[in-house]
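Chemist: Residue numbers (numbering that gives the first Met the number 0): 0 to 231. In this text, a Cβ means the ideal position worked out from N, Cα and C, and glycines have one as well. Please see the structure below; I have some questions.
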Amino acid sequence: MSTADLGPLVITRHSGGEPIRANGETVGRLGEFWSWACSDLANNTMRGVLAEYLVATALDTAAGTRTEWDTVDIRTSEEWHVEVKSAAYLQSWAQSQLSEISFSIAPAAGWDTQTGTTSAEVLRRSDVYVFCLLHHQDKQTLDPLDLDQWTFYVLPTRVLDERCASQKTVRLSSLERLSPLKTDFTGLQKAVATCAEGSRYPQGPVGSARAVSLVDGLPQVRVDKVRATGDH
């Protein structure tokens, strides 16, 4: 077998109706596997994948398929490179308290899916970070598919590089002090566009918990009380 035969697979989008076969007989359907494997949307892995899908949907880039190992999570037609992180107060397993909210922001070596090689440079390769918080705190009514239960914080990557250069994680309270654009799902596209295009927005003084919300598509400053409990 030549190395030309070992390039990246061309992944086509499935519908869920594709058969799972044994000896030519259909023994199941792909959609049934998806239901079995992916129904727990509150666990860390699937919540993270769902968060990527929500951001991709908001940015109109969810028509293809997700790339598991890429240097950034989402690439848009505007050539914006977007990194997506998620966190939640509630987990699938039994908890003695709400999870503390923190997000990974560690610089990393980049994996090239086309060549199968890793870059020696350790850095943040996106233009924008979107921090997706499943903020709902009642386990009996938790529904990750209800987008009213999510809050999104959008920040230019340069802010992390300037203020958190080598930092690996950021707590919610610290993230708020970086003055991200804070929005619900409906304002997410405008928030990413504002950050990706380098628009300036008000910065709060060190120690204040200021967040920038989107009102009618325009950045507005608001002051929020930050819970002591954060992410996981």
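So which of F151, D142, E175 has the shortest CA-CA distance to G158?
Modeler: A small correction: the amino acid at residue 158 is Val; Gly does not occupy that position in the sequence shown. When only C-alpha atoms are compared, the closest one is E175.
Chemist: Within 10 Å of its beta-carbon, does A105 have 16 or more other beta-carbons around it, so buried, or fewer, so exposed?
Modeler: So A105 counts as exposed.
Chemist: Taking the CB atoms as reference points, tell me whether V191 and V121 lie closer together than 8 Å.
Modeler: Contact flag unset, no.
Chemist: Expressed to the nearest angstrom, what Euclidean distance is found between the alpha-carbon atoms of T116 and E82?
Modeler: Distance between the alpha carbons of T116 and E82 is about 20 Å.
Chemist: By the DSSP assignment, the alpha helix (DSSP H) with L58 in it spans what residues?
Modeler: No alpha helix (DSSP H) contains L58, which DSSP labels as neither H nor E.
Chemist: By the 10 Å Cβ neighbour count, where 16 or more other Cβ atoms means buried, how is C194 classified, buried or exposed?
Modeler: C194 comes out buried.
Chemist: Taking just the CA atoms, how far does I10 sit from L187?
Modeler: Answer to the nearest angstrom: the Cα atoms are 28 Å apart.
Chemist: Just the C-alpha distance for L29 and A36, rounded to the nearest angstrom, thanks.
Modeler: One C-alpha to the other measures close to 10 Å.
Chemist: Within the 8 Å Cβ cut-off, does C37 reach chain C?
Modeler: You won't find chain C in this structure, because it holds only one protein chain.
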